[in-house]
Each structure stands twice: as structure tokens, then as C-alpha cells.
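Residue numbers (the working numbering): 968 to 1192.
As C-alpha cells, then:
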């Protein structure tokens, strides 16, 4: 450990973001206790793909990391990072996610990672697109690029509190590919933070398919099960 880090740790100990315990050397964002109790998703990926992603798109697989629950303190960190100006939390959680994805071989054969886009005005207000942060970290672990090949061309009403059919209508036609996007013939890692009904990912997957993506694998920090 560097001397500066040691001194800083003595003056202002680093705390677990989930439970508040003091972190020890080697721990980042979460203590070992909270890491061991992560609500890892036990969803059947085939069922999840069939229920929430388009049959018309070449979605090869879907990898949700956590089973999302409002009551779980670790899942609450996703909301904190997303809505309260703390992108470092999204990055820290994704480092853990990426380690697990690399260990199970999920990052192999991906040509590039593409985040679900955020409309310009919304990004100006929030300051960042959390899906882009996730895509960049996954890409770094996979040794491939992360590219913003999708663009939100119009805003839409908030998706919360809407049914799947309402969300699909709300999001339809809201995305397009960016100029010069090199998608044709590629295996795309499509990235979002939370899979809820799958409507946003459905729109993104359909746009990527229309642009010539030959295979799509979906990655998300969590899935509402």
C-alpha cells in the first residue's frame, strides 16, 4: 500500500458503501461480508431472454449479475450511482461484475461493447450515462473497444410505473445508429444497468440487428426478477 493511501486511511478510513464497515487492504467499495452476500441472479438466462428480449433479434445470451431488489443494500448502490451523482459506485460495482463475467467466459468473442444510449438533455442533467460506464469497464476487461454506436434521437416519458406494452410503445423509434457505426458482422455486447421489462434493450437490439449485427449478448448489473 502506498504511504499516501495508508495515511489517508488512518485519517479518514474507507467504509463499505453497503454496510458502513471499515474496508481493509484489498477491499474496494464493498467489504468481503457484503461481497459474499451479493444477491447474484439465479435467473434462467434462456427464460429471461425469451421473456424480455425480441425473438427477431440475434440475441445469443443475456447476463444479469444481481437479482434486483429495492430492499437489498447493494442494489441500492446502483440507484445511488445512477441518480445521485456518484458514477464511481457504478464503476466499482462493474469491476466486480466484470471479474465474474471474465471468470465464466462471458466476455469471450465479443467484438465491441455498446451501451444503451441516453438522450442528450437527460445526460446533460445527470452528467453521465451509467450504461456507458459499465460498457467501458467490461470492454477493458475483455480487451475490446466500447463504442457509442447508438444514439437517442428523441426523449420519452419515464419508463417507471408503466407496463411492458406501454414501455415498448414509449421507447419505439427513440434510437438510431450513430454515423459511421461499424456494426455489420459484429458480435455486440449490449449493455444496460437494470433489466426491468426489457423494452429498452428490445429497441436497442432491434436497431443493432437492422444495422447488421450478427450476434448480440446482453450484459446488465441487475435484473428485476
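Here a beta-carbon is modelled for each residue, glycine too, at the ideal position from N, C-alpha and C.
These figures come from a predicted structure and were not determined experimentally.
Which first and last residues belong to the alpha helix (DSSP H) in which residue 1169 is found? 1166–1177
Would you check if the distance between the CB atom of residue 998 and the CB atom of residue 1041 is smaller than 8 Å? no
Between the stretch 1164–1172 and the stretch 1005–1024, do three or more beta carbon pairs fall short of 8 Å? yes
Tell me, please, whether the stretch 1061–1069 touches the stretch 1140–1148 by the rule of three or more beta-carbon pairs shorter than 8 Å. no
What are the start and end residues of the alpha helix (DSSP H) that includes residue 1057? 1054–1070
How is residue 1040 classed by DSSP in three states: helix, strand or coil? helix
Nearest-angstrom Cα separation, counted from residue 1081 out to residue 1113: 6 Å
In this structure, does DSSP put residue 1074 in helix, strand or coil? coil
Where does residue 1159 sit, in a helix, a strand or coil, going by DSSP? strand
Where does the unbroken beta strand (DSSP E) through residue 1180 begin, and where does it stop? It is not in any beta strand (DSSP E) - residue 1180 carries neither H nor E in the DSSP assignment.
Residues of its chain near residue 1163, where Cβ-Cβ distance is below 6 Å and the 5 sequence neighbours each way are ignored: 1191
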